[in-house]
Amino acid sequence: MTEATRILVLNAGSSSVKYQLIDMVDGSRPAVGLVERIGERGGRLLHTPAGGERRESVRAFPDHWAALQAVAQELAADGLGLDSPELAAIGHRVVHGGMRFTAPTRITDEVLTEIRRLVPVAPLHNPANIIGIEVARALRPDLPQIAVFDTAFHTTIPEHAARYAIDTAVADEHRVRRYGFHGTSHQYVARATARLLGRAPEEVNVIVLHLGNGASASAVAGGVCVETSMGLTPLEGLVMGTRSGDIDPGVIFHLHRVGGLSIDEIDDLLNRRSGLLGLCGDNDMREIIRRTEAGDQAAELAFRAYVHRLRKYLGGYYAVLGHLDAVAFTAGVGENAAPVRAAATAGLEELGIAVDPELNSVRSGEPRLISPAYSRVAVAVVPTDEELEIAQQAYALVRTS
Ligand code: AMP
-7 MTEATRILVL
3 NAGSSSVKYQ
13 LIDMVDGSRP
23 AVGLVERIGE
33 RGGRLLHTPA
43 GGERRESVRA
53 FPDHWAALQA
63 VAQELAADGL
73 GLDSPELAAI
83 GHRVVHGGMR
93 FTAPTRITDE
103 VLTEIRRLVP
113 VAPLHNPANI
123 IGIEVARALR
133 PDLPQIAVFD
143 TAFHTTIPEH
153 AARYAIDTAV
163 ADEHRVRRYG
173 FHGTSHQYVA
183 RATARLLGRA
193 PEEVNVIVLH
203 LGNGASASAV
213 AGGVCVETSM
223 GLTPLEGLVM
233 GTRSGDIDPG
243 VIFHLHRVGG
253 LSIDEIDDLL
263 NRRSGLLGLC
273 GDNDMREIIR
283 RTEAGDQAAE
293 LAFRAYVHRL
303 RKYLGGYYAV
313 LGHLDAVAFT
323 AGVGENAAPV
333 RAAATAGLEE
343 LGIAVDPELN
353 SVRSGEPRLI
363 SPAYSRVAVA
373 VVPTDEELEI
383 AQQAYALVRT
393 S
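With this note's numbering, letter number 343 in the sequence shown gets 335, and the count goes up by one each step, no holes.
Structure follows, in structure tokens:
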């Protein structure tokens, strides 16, 4: 009998579905792809089978049902259909698991109901994740479907760090607390950093800087997350591509009462028109670095504000941990933008943090150290792989249950 050793990882967003089929025996990816602009004009499916040509299909995908059916057809065309006996489970990225879901969870009707109950705290994300689950269950009702939550890794954050200093009754009624996001990435990178150092995850304290279009920091003590920068929503913390990160809540009252902006307008401003984009008109770090080097002052201010916030978190989390073994940069900016890594760590030799300019300028897709041997704290670039982490967690669950 064929052994079921493959996991299909689905990441359903509001207008897109990304997918990867991962073989857990050799780590290969027999197929990867995405569907974009679901429910919009100009939909597109990109599908790449291992060792084959990328196929592009430009057409309308009216909803997630149509998109996921098309994905199933593409996979079937390569002999990798959802009915394949090699498929062990479907692993779903679910953004918000609240306090209930602290680990990967096999999806039942009851679990789905709980994920739906969390929609009010994750209105932008959980609805799309839920549709992805519903369609996948309809297509393969007998197959284990596993939810892997972005928030799960952060459920170990101690209460004094997770609580906002507001009236407890109000906070409890509305489930207001720090949940944190990008947890799958933080978990993967913290573990991969320990591996890079040749040590067990339980032995090392790491600050993970996940710097993508969305960005977050976490402090991980011996493999356990003790603090993270995103909060009730993914708006808090670092300066991001289009999100403000930390802001005085008084700004919101001011913009509403004095500026006359509605709550929805302020929501849009802080989530989609702020951060790097708000400061200089660009949210792509490549462009900001290029403009800064060309002497553009707005781009330089955006770069400096981004780095300043990063350094505040780096210093803060160092103090939270007390002892620090490594700082790990990951995601689009963290993996690629050497100037950001250099500026974020400059002048921190007294804290035991140093970066070697030559190592920092090396371009590579591999986990690597960029600190010199004398640096007491290792500084690393560790490419994240959320899909692999989801697949590993889902596979571990189906193998043991
Ligand atoms: P992610 O959300 O992890 O896919 O990261 C996307 C972001 O990474 C983009 O918006 C860019 O700002 C940034 N990025 C990607 N490649 C580079 C690069 N070579 N240099 C600087 N920033 C980059």
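Ideal Cβ placement from N, Cα and C applies to all residues, glycine included.
Residue i CB to nearest heavy atom of the ligand AMP below 8 Å
i, result
"V299", "no"
"R109", "no"
"R278", "yes"
"N205", "yes"
"I362", "no"
"V325", "yes"
"I281", "yes"
"G233", "yes"
"A329", "yes"
"N275", "yes"
Bounding residues of the beta strand (DSSP E) (the contiguous stretch that carries residue i)
i, result
"H84", "L79 to V86"
"G25", "A23 to E28"
"E32", "No beta strand (DSSP E) holds E32; DSSP gives it neither H nor E."
"R(-2)", "R(-2) to A4"
"A139", "Q137 to F141"
Candidates the options, of which the one nearest residue i by Cα
i, options, result
"I258", "R278, L269 and S236", "S236"
"E342", "D55, R368 and A120", "R368"
"A338", "H300, A64 and L361", "H300"
"G357", "D348, C217, F321 and C272", "F321"
"L271", "A81, R296 and A161", "R296"
"I362", "D256, T143, S8 and A329", "A329"
"I30", "H39, A4 and I14", "A4"
"P119", "A80, R108, A182 and N352", "R108"
"N263", "V103, M91 and A207", "A207"
"A383", "A42, I138 and I125", "I138"
"I393", "P77, L38, L67 and I99", "Before going on, a small fix: residue 393 reads as Ser here, not Ile. If we check each option's Cα against that of S393, I99 comes out closest."
"Y156", "G223, P133 and F145", "G223"
"R355", "I345, G344 and P375", "P375"
"Y387", "G83, F53, V63 and V87", "G83"
"M37", "F145, V243, L253 and V63", "For clarity, residue 37 is Leu in the given sequence; the question names Met instead. Out of F145, V243, L253 and V63, V63 has the C-alpha closest to the C-alpha of L37."
Burial state of residue i, where buried means 16 or more other Cβ atoms lie within 10 Å
i, result
"Q179", "buried"
"I158", "exposed"
"E381", "buried"
"F93", "buried"
"S20", "exposed"
"Q289", "exposed"
"F245", "exposed"
"R282", "exposed"
"P150", "exposed"
"I14", "buried"
"G172", "buried"
Span of the alpha helix (DSSP H), counted from its first residue to its last, around residue i
i, result
"A386", "E378 to T392"
"R51", "Run containing R51: none; DSSP gives neither H nor E here."
"E102", "D101 to R109"
"R36", "Per DSSP, R36 belongs to no alpha helix (DSSP H); it is in the beta strand (DSSP E), R36 to P41."
"L269", "G267 to C272"
"D18", "First-last for D18: undefined, no H or E at that position."
"N197", "That residue, N197, is in no alpha helix (DSSP H); its beta strand (DSSP E) goes N197 to L203."
- What residue ranges within the region 275 to 363 form continuous alpha helix (DSSP H) runs of no fewer than 4 residues, ordered along the chain? 277 to 285, 289 to 313, 323 to 328, 330 to 337 and 349 to 353
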